[in-house]
Structures are given as C-alpha cells and as structure tokens.
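Residue numbers (my numbering), protein chains in the order written: chain A, 11 to 123; chain B, 3 to 116. Backbone N, C-alpha and C define an ideal beta-carbon position, used for all residues, glycine too. Below: the structure, in structure tokens.
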C-alpha cells in the first residue's frame, strides 16, 4: 500500500490559517487523497478528498502538487474546535472492495488561543 | 440524524467471553467496515463488506466474525475475548456510487477485556 508521511504535531494560533502537509511519493494514478480528522474520544471525521485538482469545501481546502507526490490541507481560519489529529490517507479506486484505509499516526494539531 | 450508530459505547468483558458489537447505518451505504484503534498504531481494518451477503477479511481478522444480512447492519462478533482485543472499535460506511468518496465513521465502542 502506498504510504503517507506527516509531521507528528503542529501548532497554530487561533483565527490564523493552518497548512498541514502530507508527502505521498509512492502514490499511484488511481489513488485518491483523503483527509480525515479525529477529535478526542470521537470517531474519524471525513474532511476532504481529491485526485488531481485542488478542492474546496465548507471545512477546508486541499492543495495537490502537480506531480501528486504531496498535498496540503488548508484550514483557512483555525478555531479551537479544529484541534484534532489529522490523517492523510490514500485510497485506491482501482481495487474496489479491498480498499483498506491505511491510517498512520497523523498530525496532532494544537490551536493556541 | 443520519449516520453510523454503534452500540454499546463501552463494554468490559472477561477473557473467554463472547459478545457482538452492533453497527447500523441509515444512509443506504453499500460498503461497511470495522476498524480497531490502538494507542500509537492508527486504525487497522478488521473486516469489510461491499453489500448484503458479502464480507471479506481485512488486515487483522483473527478472533472476529462478521455477517451482513441487511444493507443497514454490520455486526462484529468477538468469539472468545482476549486481553489483546482491548481496543476502541469503529464502524465506517460509504456509498459506492460516488467515485473516491469519503467514509462516515461511528463514534466507537471502547472495549476492555480483563
């Protein structure tokens, strides 16, 4: 399975933008890039996903490098409720059924008031 | 609210006991799966199902059974609980009709085996 690499932890000030990086140098052409976050004592929550083009939704933006070997999750204005562990995951669309989501240890984001 | 519902939220078992973790979703999702989360290890896939009557093993299936008799329900059975199965268990589902789409996770079942 293609793997992702994320920093273990990051800090950001409240109301400022946050850029969470993810490296996935072994990504294949059929892999979607997914981001999830997990708040304390809760299940993972889907944030955003993309394939090649940058994506925006109400929660965040996803910037994907042209070679797709890296991506960045952008929280435009961090709040205290954004403090969570953020996971960058690759999901293949070519292997329907056995589409294991490989969760690493993610990036623990701390928001400073 | 629509989503994935897991019961119970907490459970303590004695070694050797059996139990079933329940998972239900009301979004008509075809794909359902079970993960366990252990400290410092991320989530690992136990079993998954691509539709009623179809199940398959994930990364760590030993000691667990599943069945999928309806689209809505995907129970996880622990056959003979062991301390190594102490973990937080998450059920997740997604539709198969949106290419590359995201999963909806339940809030988890925290299981302790003593």
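Can you list, in chain order, the residues of its chain with a C-beta nearer than 7 angstroms to that of residue i? Leave out the 5 residues immediately preceding and following it.
{"i": "residue 99/A", "result": "14, 44, 46, 111, 112 and 113"}
{"i": "residue 74/B", "result": "26, 27 and 28"}
{"i": "residue 40/B", "result": "89"}
For residue i, which residues from the same chain have a beta carbon less than 6 angstroms from its beta carbon, with the 5 sequence-adjacent residues on both sides left out?
{"i": "residue 29/A", "result": "82 and 84"}
{"i": "residue 29/B", "result": "4"}
Examine chain A for any beta-carbon lying closer than 8 angstroms to the beta-carbon of residue i, and answer yes or no.
{"i": "residue 106/B", "result": "yes"}
{"i": "residue 76/B", "result": "no"}
{"i": "residue 109/B", "result": "yes"}
{"i": "residue 12/B", "result": "no"}
Name the DSSP beta bridge partners of residue i, please?
{"i": "residue 39/B", "result": "45/B and 90/B"}
{"i": "residue 75/B", "result": "26/B"}
{"i": "residue 31/A", "result": "82/A"}
{"i": "residue 15/B", "result": "115/B"}
{"i": "residue 56/A", "result": "46/A"}
{"i": "residue 66/B", "result": "80/B"}
{"i": "residue 106/B", "result": "95/B"}
{"i": "residue 143/A", "result": "The structure shown does not extend to residue 143/A, since chain A spans only 11 to 123, so no value can be given for it."}
Taking the CB atoms as reference points, tell me whether residue i and residue j lie closer together than 8 angstroms.
{"i": "residue 115/B", "j": "residue 17/B", "result": "yes"}
{"i": "residue 51/B", "j": "residue 92/B", "result": "no"}
{"i": "residue 88/A", "j": "residue 49/A", "result": "no"}
{"i": "residue 96/B", "j": "residue 108/B", "result": "no"}
{"i": "residue 110/B", "j": "residue 90/B", "result": "yes"}
{"i": "residue 37/A", "j": "residue 78/A", "result": "yes"}
{"i": "residue 102/A", "j": "residue 86/A", "result": "no"}
{"i": "residue 33/A", "j": "residue 117/A", "result": "no"}
Which first and last residues belong to the beta strand (DSSP E) in which residue i is found?
{"i": "residue 95/A", "result": "94-102"}
{"i": "residue 115/B", "result": "111-115"}
{"i": "residue 77/A", "result": "Neither: residue 77/A is in no beta strand (DSSP E) and is coded neither H nor E."}
{"i": "residue 43/A", "result": "41-48"}
{"i": "residue 56/B", "result": "56-59"}
{"i": "residue 19/A", "result": "19-23"}
{"i": "residue 62/A", "result": "Unbroken run through residue 62/A: none, as it is neither H nor E."}
Please report whether the beta-carbon of residue i lies at a distance below 8 angstroms from any beta-carbon of chain B.
{"i": "residue 34/A", "result": "no"}
{"i": "residue 59/A", "result": "yes"}
{"i": "residue 39/A", "result": "no"}
{"i": "residue 54/A", "result": "yes"}
{"i": "residue 14/A", "result": "no"}
{"i": "residue 49/A", "result": "no"}
{"i": "residue 115/A", "result": "yes"}
{"i": "residue 86/A", "result": "no"}
{"i": "residue 83/A", "result": "no"}
Suppose the cutoff is 8 angstroms on Cβ atoms and the five residues either side in sequence are ignored; what does the same chain contact list for residue i look like?
{"i": "residue 15/B", "result": "21, 80, 83, 113, 114, 115 and 116"}
{"i": "residue 56/B", "result": "70"}
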